[in-house]
Amino acid sequence: MFRHRGTTLVHRLDPRAKILWLTSLMIIALLVIDPVYLLPPLAFVAILLVISKVYALKEFHSTWIMSVLIGSTILLILFNGLFAAIEVKGGTVLFYINILGLKYPITIEGFYLGIGAALRLLVIMLSFLVVAFTTYPRDLANSLERIGMPYKLSFIIALTFRFIPFLEEEARRVVDALKSRGYKGFEEGNFIERLRAYSTLFTVLIVNSLSLVKRVGIVLEAKCFGASPKRSSLREYKLKFEDYIIIISSLMFLAIYLVLRYYLGLGWLEYAHGYV
Amino acid sequence: MKGIIEITNLSFFYPNRKKALDSINLSIHEGEFVLIMGPSPSGKSTLIYCISGLIPNCIEGEMLGKVVVDGLDTKEHTIAELSRHVGVVLQDPEAQLLELRVADEVALPLENLGVPSEEIRRRVDEALEIVGLKGYEEKSPMELSGGEKQKLAIASVLALKPKIITLDEPTANIDLAGTTQVYETLRELNEEHGLTVIVVENKIDIALKYANRVILMKNGRVVSDGDPSEALNSKILVDLELDVRPVEPYSLASRTHNNCNGRELIRFENVSYMYLDGTLALKNINLAIREGERVFLMGENGSGKSTLVKHMNGLLKPTSGRVLVDGHDTRKWPTYKLSRIVGLVFQNPAHQIVGDSVYDEIALGLRSRGLEENEVRKEVTKVARAFGLENKLDMIPEELSVGELKRLMVASVVAMKPKVIVLDEPMTGMTRAHSRRVLESILKILGEGTTIVAITHDPQLAIEYATRVVVMSRGEIVLEGAPEVLREYPLFSGYLMGVMQSV
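Those sequence lines, one after another, are chains W and A.
With this note's numbering as the guide, the letters of the first sequence map in order to residues 1 to 276.
With this note's numbering as the guide, the letters of the second sequence map in order to residues 1001 to 1503.
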């Protein structure tokens, strides 16, 4: 699903620095909604996206990532553009549409808000993707543990990443087997036939996942999971010069935005009701 | 002399009260290379779990008797303590490789034990060196071949520096080359590092080549124990159904009047197939399968065999070229329709078995063809009898053993009476005798003129049953002809020579 290997500066950054970077960008994205104020954090993400060469990976251009990114952008702009008008009140009207005899105004401000909402989500999703594509779940788990998360929890996160592609593969195999046994619903057929096919698929998948969980449980036991209260690790995590750069610039960025929003009252749109 | 493993009066019951081991007494000495063999369910895997301490520490059930490993009673010590004395490698690599980098995989148990980083690095290095995976540290285990995956699993056990290593059918899903890799590694561990090696394995040629002691089990009891060449005498092999040679090889008789000029059922025309990630899995394949042929597909893992058979019922559509099944272009026909012509059986029953009972499972396809219920009953009984499942019709599939599940899987496809049966390695992990029985049952139900396409890693089976063999390598057909041509192919010839000598 994700490809973690690489040698760029972003790959080499300490996971803790990356977690801090990700968290501050998320907070910043939620502090403001004016598209203009969202451009600097977007630029910050774009810089790391470019340095890490993640944008060039074919995994990054996979259907699911692209459809989520583009789909959510379009939907947010459209929905806000069409439905924010009630809140906008007195904005610049582009045109009216007729709904059940009511003249409903479509405003520039509505779309402006929509662009802001879309940029917010883009900043959050892209920064998450940068981290997900450059950091091994194992390193993430180890460093989360170091900053106080219980190991069992961080290990579960790492393990989930390991088994998602496996379950994808498993689902494909079951569909192949069921098609080969003459199940019609995966290829064509009415609603009932499709429902029957997919409910069989999910039953089989759930049964198989439970048996997988059982086997993994035995393996964990054999690998001495939880045997020592104090874990050690193969890899050492030490903050380097570039990590400090990222940490300090993230914190400064966050501080600037806190001041902008709460002392200067900038970056918000007065008609952005319903947003936090 | 006292053994490194002492087992006294060991019995084990699973929570469903099934008795898996029955008063086992056994003593294994330091430095032995032991193979445990037997038709499943014989209790051989359970015995491995007992020796490695998984029983009684983490597998549920009732254990009677005593197991002492390297001086430690398994009832009184935790897995973590035992793991420094005895390591265990399980059958499926999917569930036992948990990390995304090779080095992390080997380090995991050491990290869990809190071994200092310096020491971990040294031991990971050493372990990877021994199994020959040096230089793979940052690779993903998923990129490794089957043989390499198991060597990695072995390395992660070795890092704990045990005196004994136990393995549960480590090569069940691996091709001949991978199997050799794994066993050469084990031989080195045994001879150069003095490890005691205990393997559950049903391949007789492996036993003769590597083991210095063979323990044969049946129904939870040890029935024979000793030097491989003595223990594996033909009477015992027949008794245990490990390798029953048909008195009159079925195939040889019927093969001669199979003149193979039948109608073309499947035809590949310049077929290439590229996976989404850009791997070219098939390169310009031309192949015709005629009515009445028994074509065995062979070749190492990843050579394109499975990709090829998935084209036979339209699960995969060619990237270029075309596949005709009984005259229909697979790009225009959906798989559910083609499945009436070509019955494809996969490797893993867990993906394929969906019925609530054995009866339902076999009846499923018949009902969808619109047969009357009393006709369905007649057919199901007939098929079940041929596959030795007639007494299990009311059972739920979960109650069956792995071998029975596999027979059920084949039976339910055979019941649909397709024109071609395609076997994508359902025989993996079966003893050769059981594989033979499956093939015989198919021929019995569908007639001797049945068209069969089978993927197998067992050249012996191909020699016995095939009318034609097709050997693939890197997406291409590299050898094709009467089964005897296998003797000329380097991957199999050495193996077949060995078999001939040992018989």
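All residues carry an ideal CB built from backbone N, CA and C; glycine is no exception.
- Message: Taking the alpha helix (DSSP H) that A/Ser966 belongs to, which residues open and close that run?
- Response: Residue 966 of chain A cannot be examined here, being either before or after the span of chain A that is shown, 1001 to 1503.
- Message: Which residues in chain W have a C-beta closer than 7 angstroms to the C-beta of A/Pro1093? List them in chain order.
- Response: Neighbours of A/Pro1093 on chain W: none; closest Cβ ~10 angstroms, over 7 angstroms.
- Report, in whole angstroms, the separation of the C-beta atoms of A/Val1197 and A/Ala1155, which I expect to be a contact under 8 angstroms. The Cβ separation is near 15 angstroms, so there is no contact.
- Query: What residue range is occupied by the uninterrupted alpha helix (DSSP H) comprising A/Leu1338?
  - Reply: 1335-1338
- Message: Against chain A, does W/Arg194 count as a neighbour if the rule is that its beta carbon must be under 9 angstroms from one of theirs?
- Response: no
- Query: Taking only runs of the alpha helix (DSSP H) that begin and end inside the stretch 75-112 of chain W, which ones reach a length of at least 4 residues, in chain order?
  - Reply: 85-88
- Query: Would A/Cys1050 count as contacting chain W if we go by Cβ distances under 9 angstroms?
  - Reply: no
- Query: Can you list, in chain order, the residues of its chain whose CB lies under 7 angstroms from that of A/Tyr1275, leaving out five sequence neighbours each side?
  - Reply: Ala1281
- Item | Member of A/Asp1326, A/Ile1059, A/Glu1060, A/Lys1075 whose CA lies at the smallest distance from the CA of A/Lys1066 | A/Lys1075
- Message: Which same chain residues end up closer than 6 angstroms to W/Val259 when comparing Cβ atoms and leaving out the 5 residues on each side of it in sequence?
- Response: none
- Query: Where does the unbroken alpha helix (DSSP H) through A/Asn1202 begin, and where does it stop?
  - Reply: Premise fails: A/Asn1202 is in no alpha helix (DSSP H) and is neither H nor E.
- Query: Between the C-alpha atoms of A/Ala1153 and A/Phe1012, what's the straight-line distance to the nearest angstrom?
  - Reply: 27 angstroms
- Starting from A/Met1298, follow the beta strand (DSSP E) in both directions and report where the run begins and ends. 1294-1298
- Query: Quick one: what does DSSP say A/Thr1307 is sitting in, helix, strand or coil?
  - Reply: helix
- Under a Cβ-count criterion, where at least 16 other Cβ atoms within 10 Å of its own Cβ denotes burial, should W/Ala2 be classed as buried or exposed? Sequence inspection shows Phe at residue 2 of chain W; the Ala mentioned does not correspond to that position. Result: buried.
- Task: Quick one: list the residues of chain W neighbouring A/Pro1109, beta-carbon separation under 7 angstroms, in chain order.
- Result: Lys223, Cys224
- Task: Using three-state DSSP, classify A/Gly1343 as helix, strand or coil.
- Result: strand
- Determine the contact status of W/Lys18 and W/Val123, defining contact as a CB-CB distance below 9 angstroms. no
- A/Pro1116 at chain W interface by Cβ criterion, 9 angstroms: yes
- Does the distance from the C-beta atom of A/Leu1400 to that of A/Val1380 stay below 9 angstroms? no
- Just how far apart, CA to CA, sit A/Gln1096 and A/Gly1475? 29 angstroms
- Residues in the stretch 1442-1467 of chain A having any Cβ partner in chain W nearer than 9 angstroms: none
- Item | Neighbour-count burial assignment, A/Ala1288, 16 or more Cβ in a 10 Å radius | exposed
- Message: Using 9 angstroms as the threshold, is the C-beta distance between W/Arg235 and A/Asp1356 below it?
- Response: no
- Message: Against W/Leu144, what residues of chain A qualify as contacts under a CB-to-CB distance less than 9 angstroms, listed in chain order?
- Response: The premise fails here: W/Leu144 is roughly 15 angstroms from chain A at the closest Cβ pair, so nothing lies under 9 angstroms.
- Query: Contact check, W/Ser24 vs W/Phe241 under 8 angstroms by CB: the rounded distance?
  - Reply: In fact, because the Cβ distance is near 19 angstroms, the residues do not count as touching under 8 angstroms.
- Could you check if A/Asn1009 is buried or exposed, using at least 16 other CB atoms within 10 Å of its CB as the buried criterion? exposed
- Message: Using DSSP's beta-bridge definition, name the partner residues of A/Phe1012.
- Response: A/Leu1021, A/Met1063
- Message: Please report whether the beta-carbon of A/Val1088 lies at a distance below 9 angstroms from any beta-carbon of chain W.
- Response: yes
- Query: Does the beta-carbon of W/Ile108 have 16 or more other beta-carbons within 10 angstroms, so that it is buried, or is it exposed?
  - Reply: exposed
- Message: Using the three-state DSSP reduction, which class does W/Lys152 fall into: helix, strand or coil?
- Response: helix
- Query: Which partner residues does W/Leu210 have in the DSSP bridge list?
  - Reply: The partner list for W/Leu210 (beta bridge, DSSP) is empty, contrary to what the question assumes.
- Item | Within 9 angstroms of chain A by C-beta, residues of the stretch 11-37 of chain W in sequence order | none
- Message: Any beta carbon from chain W within less than 9 angstroms of A/His1257's own beta carbon?
- Response: Note on A/His1257: pLDDT 45, under 50, position unreliable in the model; no value is reported.
- Can you tell me which of the three DSSP states A/Gly1087 falls into? strand
- Query: How about A/Thr1330 and A/Gly1304: are their beta carbons less than 9 angstroms apart?
  - Reply: no
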